[in-house]
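Number of protein chains: 2
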Amino acid sequence: MEAHPTAGPLFTDLYELTMAAGYHRHRLHDQRATFSVFVRNPGLKRNYFVAAGLEGVLAELERYHFSAEDIAYLRGLDLFPPSFLEYLGRMRFSGDIWALPEGTIFFPEEPLMEITAPLIEAQLIETFVLNTLGLGALIATKASRCVHAAQGRPLVDFALRRTQGQDAGDQVARNTFLAGFAATSNVRAGKRFGLPLTGTMAHAFISVYPTETDAFRAFADTFPQNSVFLIDTYDTLEGARNAAVVAREMKARGQTLQGVRLDSGDMVALSRAVRAILDDEGLVNAKIYASSGFDEFGIDSVVKADAPIDAFGVGTKVGVSADAPYLDIVYKLVRRGGRDVRKLSPGKVTLAGKKQLFRLRDDRGRFREDIITCRDEEVDRAVKLLVPVMAGGRRLASAPPLTALRGRFEEEFADLGDRYKDIHNHAAYPVRISPQLKALQK
Amino acid sequence: MEAHPTAGPLFTDLYELTMAAGYHRHRLHDQRATFSVFVRNPGLKRNYFVAAGLEGVLAELERYHFSAEDIAYLRGLDLFPPSFLEYLGRMRFSGDIWALPEGTIFFPEEPLMEITAPLIEAQLIETFVLNTLGLGALIATKASRCVHAAQGRPLVDFALRRTQGQDAGDQVARNTFLAGFAATSNVRAGKRFGLPLTGTMAHAFISVYPTETDAFRAFADTFPQNSVFLIDTYDTLEGARNAAVVAREMKARGQTLQGVRLDSGDMVALSRAVRAILDDEGLVNAKIYASSGFDEFGIDSVVKADAPIDAFGVGTKVGVSADAPYLDIVYKLVRRGGRDVRKLSPGKVTLAGKKQLFRLRDDRGRFREDIITCRDEEVDRAVKLLVPVMAGGRRLASAPPLTALRGRFEEEFADLGDRYKDIHNHAAYPVRISPQLKALQK
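Chains A and B supply the protein sequences, listed in that same order.
When we follow our numbering, the leftmost residue of the first sequence carries the number 1, and every step to the right adds one.
When we follow our numbering, the leftmost residue of the second sequence carries the number 1001, and every step to the right adds one.
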């Protein structure tokens, strides 16, 4: 795994810098402040969220500094006092961070990260932190819904061509894998994050050869151990028969066709007809892959119809989380200079103070209830979910392998009740606020 | 403006590389091929699209090459023949590209780019080209709808915290500006693309001071010429009165409050009440900015209600194009080895052959009809929209300034009929296929 590219401190809204200049001028910049990150859920489109993106935040903050070029650009805006720009040029991130480990399941209004740092530092990183944790959770959550709907059938990420930009492409590959996808088509993400890669052919390959059968033969000749034939370029059933012809030729050479891919049409009817054709030809081990605009709803529908689809290629709709393409993720000041702080805008309440999040489980280990408490409270037989990950600007542990994060998610998800996994219906998981934290809000 | 960072040739789906290996093995890789890029419009959520992203494509392709590290990674996959990897290591992009200039308005099924190159090169760049042109048009189109709805009121991009990743944040800033936004809050994009920046304060700034009035005073003291007070932290009307107090103090010092910002609540009622408070205090030039989850629909609604809002901060919903978060953009082989090629999957037809796109205008210069033709056709009194932008892998002109692209869009948009600008109702712009191109499809 290679290092994350740096976003740089200019990846920020201008108002973070103007506020920072105000704090600096009034000698408030060094006051210790705590900001809390959480997700609101006004549309109720998700029953739970999956934490992801923390590694990107920590890698960035360890290297956080304004370059001479950054400062020169800011100076050129003719907006900031020179003393402030000198301060920025020397600044590093020196804060403490508590966060949910990646792969943790969380619920609306629960803190997923709390940052305690000199006010100016904590303010300046807001935009970056929200962007990174927001995209991470957006995609990991969407992907987890697909994995659940697929009931054990492998899913692969095909979204790269339509993700919202390059960074999104890589984050989609990483965070769908974290949530249980088997592989990605994204080669750059494969290299960057050590992900399994997958992919064989598109329609263009078929069109290049005089006949579909010629194209299949040419591909099998190049990749005798790694062939999945795309069979819908002309006619899917005819394509299945052509694939069977070439599969038999491969068999005679001691090779095995991995399977065929359906990319358009009625997935239930076609997969049944294609399965019959392959079985009739003795190709009972050739798999059927399907990749036709799937998301959790499409997968759920064909799985419930018992379509003989062995694996899904999942693209655009998951890569942009099309039914809910952003999280209402926010970053709120909750404590400053030794005093707890709330914002009270209409309909938008923030819980003051440094917090901890506890999860209670039932006798079988299933999630029962969460309790948001003050940071230093203890709750009997409950696990603390926010853990310290950075102190004084240094991370407290090296980055865990992605497979470990994926394992954590898998374990967590097994203990989440079925009603919260339901992709169609809203169910509000019980989240309580401790009496001590409630008292603090007065 | 600084150079675009390189995506690199590994920003691709694995199947582009496996197909490329197949072409290479069968000596088809050098055959001249043409691919056409166009947008389908199954959901009918857009009446037109705005071309954007071309500069990103050209900058990447001019520098396109596999590094030694890239090749080493691919070798490690144990999938590709050594001769193919050697070929890749030497490969550069040598193709010719015709494209719609950025800022051009186009319609579903119309070619926005055609790439003619050795088959292997044109195949390998597919994923990158689709991602870049797709995100560009997605955002420029969404932004243009907002600009239209705002009827002359300035819009600024506040989306950075919730765009789908870092690259998206910069592309949103650039492409909303291209479509007529006045400025962005994204400092990095401001530096990278030379964009005007905007931003003053968030709620945290207010919370840091003992009273709202203290916070306004502190900000005015730091930025006497650049203050917009956020007035909804506690109570919007009380906030307006506090802003007026500080504005009068500023006036006495010869300074001018730029305005106030509303960020929550009923925008129509609050803007009227706040306008009255400011006017009563003689602050008739203080502007009212509003930034509460706006997109084209929200803007349209408050503009039609005649709310006294002077400018809009536009964030998340535009930054991810929330009502239609992806384009159905495709890249199809249309010619190869001197022969025109079509794909005929159910419901998905592609126009074979190299093409040109003509636009006919009426006497007043308004768009009347488009005609898709063969590349070498001529149409009387019609403008050719596809222009050569790259030949032999070299761009044919240096990158135009973004303000020029913005100017082109503005001119184009003025000539688009009102019914196509309607954000609520679908209207299909007439697009014809020339008899010669029709004949070719037989």
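Note that the Cβ used here is the ideal one computed from N, Cα and C, for glycine as well.
Since we're looking at a predicted model, the values are computed, not measured.
In chain order, what residues of the same chain lie with their CB nearer than 7 Å to the CB of residue i, ignoring the 5 residues before and after it?
i	result
A/T18	none
B/R1395	L1058, E1062 and V1389
B/D1263	L1230, D1232, S1291 and S1292
B/A1140	V1050, A1052, N1175, L1178 and A1179
If you draw a straight line from the C-alpha of residue i to the C-alpha of residue j, how long is it?
i	j	result
B/A1195	B/A1179	Here residue 1195 of chain B is Leu; the residue named in the question, Ala, does not match the sequence. Rounded to the nearest angstrom, the two C-alpha atoms are 13 Å apart.
A/V302	B/P1400	49 Å
A/A52	A/N175	7 Å
B/E1002	B/F1193	Any reading at B/E1002 must be qualified, since the residue scores a pLDDT of 43, below 50, and its modelled position is unreliable; the value itself is stated next. Their Cα atoms are separated by approximately 7 Å.
B/S1434	B/K1442	13 Å
A/R375	A/G392	18 Å
A/I231	B/E1016	17 Å
B/V1172	A/I277	48 Å
B/T1127	A/D13	30 Å
B/F1177	B/L1054	15 Å
A/L197	A/K287	18 Å
A/L405	A/I105	12 Å
B/D1070	B/L1088	10 Å
B/F1409	B/V1050	8 Å
A/H460	A/H426	A question about residue 460 of chain A goes unanswered here, because the residues of chain A that appear run from 1 up to 442.
B/L1386	B/R1261	43 Å
B/A1252	B/V1246	10 Å
B/L1440	B/R1336	14 Å
A/K142	A/V318	6 Å
B/S1144	B/V1334	31 Å
B/A1202	B/F1158	12 Å
Keeping to the same chain, check which residues put their C-beta closer than 6 Å to that of residue i; ignore five residues upstream and five downstream.
i	result
A/T222	none
A/A20	I120, Q123 and L124
B/F1294	F1312 and V1314
B/P1224	Q1255
B/E1102	A1051, A1052, L1054 and L1405
Along chain A, which residues have their Cβ under 7 Å away from the Cβ of residue i?
i	result
B/Q1258	Those do not exist, as B/Q1258 stays about 12 Å from chain A at its closest Cβ, beyond 7 Å.
B/I1442	As written in the sequence, residue 1442 of chain B is Lys, which differs from the Ile given in the question. Correct list: empty, because the minimum Cβ distance to chain A is about 17 Å.
B/F1205	M19 and G22
Residues of chain A with CB closer than 8 Å to the CB of residue i, please, in chain order.
i	result
B/A1322	P325 and Y326
B/T1127	L160 and R161
B/Y1429	Neighbours of B/Y1429 on chain A: none; closest Cβ ~24 Å, over 8 Å.
B/N973	Nothing about residue 973 of chain B can be reported from this structure: the residues present for chain B run from 1001 to 1442 only.
B/R1248	Residues of chain A passing the Cβ test: none, with the nearest at roughly 20 Å.
Tell me which residues share the same chain as residue i and place their Cβ nearer than 8 Å to its Cβ, disregarding the 5 neighbours each side in the sequence.
i	result
A/H525	The question about residue 525 of chain A has no answer, for chain A in this structure spans 1 to 442.
B/Y1073	L1010
A/S83	H24
A/Q436	T373, C374 and E377
A/D170	N186, R188, A189, R192 and F193
For residue i, return the contacting residues in chain B, with the cut-off set at a CB-CB distance below 9 Å.
i	result
A/V341	A1204, S1207 and V1208
A/D422	The contacting residues do not exist; A/D422 stays about 23 Å from chain B at best.
A/V167	Per the sequence presented here, residue 167 of chain A reads as Asp, with Val not at that position. Going along chain B in sequence order, the residues near A/D167 (Cβ under 9 Å) are Q1164, G1165, Q1166, D1167, A1168 and G1169.
A/C218	Sequence check: residue 218 of chain A is Ala here, not Cys. Near A/A218 (Cβ distances below 9 Å), the residues of chain B are G1022, Y1023, R1025, H1026 and L1028.
A/V349	Result: empty, since nearest Cβ-Cβ is about 12 Å, beyond 9 Å.
Listing by chain order, which chain B residues have their CB less than 7 Å from the CB of residue i?
i	result
A/T198	L1014
Which residues of chain B have a Cβ atom closer than 8 Å to the Cβ of residue i, listed in chain order?
i	result
A/F223	T1018, A1021, G1022 and L1079
A/R336	S1207 and V1208
Under 9 Å Cβ-Cβ, which residues of chain A neighbour residue i?
i	result
B/L1054	Going along chain A, no residue has its Cβ under 9 Å from B/L1054, so there is no contact; the nearest lies around 15 Å.
Would you list, in sequence order, the uninterrupted beta strand (DSSP E) runs of no fewer than 3 residues that lie entirely inside the region 1280–1348 of chain B?
Within the region 1280–1348 of chain B, the complete beta strand (DSSP E) runs of at least 3 residues are 1287–1290, 1311–1314 and 1328–1336.
Threshold first: 3 residues or longer. Then list the beta strand (DSSP E) segments lying entirely within the region 1018–1106 of chain B, N to C.
1032–1040 and 1096–1099, all fully within the region 1018–1106 of chain B.
Enumerate, from N- to C-terminal direction, the unbroken alpha helix (DSSP H) stretches of 4 or more residues contained entirely within the region 137–169 of chain A.
Runs of the alpha helix (DSSP H) inside the region 137–169 of chain A: none found.
Length-filtered (4 minimum) alpha helix (DSSP H) runs lying within the region 1374–1430 of chain B
Taken in chain order, the unbroken stretches of alpha helix (DSSP H) that lie wholly in the region 1374–1430 of chain B and span 4 residues or more are 1402–1414 and 1418–1421.
Along the region 1081–1100 of chain B, what residues have a CB closer than 7 Å to any CB found in chain A?
Only those residues of the region 1081–1100 of chain B whose C-beta falls short of 7 Å from the nearest C-beta of chain A would be listed, and there are none.
Looking at chain A, which residues of the region 1306–1322 of chain B have a Cβ within less than 9 Å of any of its Cβ atoms?
Residues passing the 9 Å Cβ filter: T1316, K1317, G1319, V1320, S1321 and A1322.
Taking beta-carbon pairs under 9 Å, can you tell me which members of the region 28–50 of chain A lie near chain B?
Hits within the stretch, in order: L28, Q31, A33 and F35.
Interface positions of the region 1384–1414 of chain B facing chain A (Cβ-Cβ less than 8 Å), listed along the chain:
For the region 1384–1414 of chain B, no residue has a beta-carbon sitting nearer than 8 Å to a beta-carbon of chain A.
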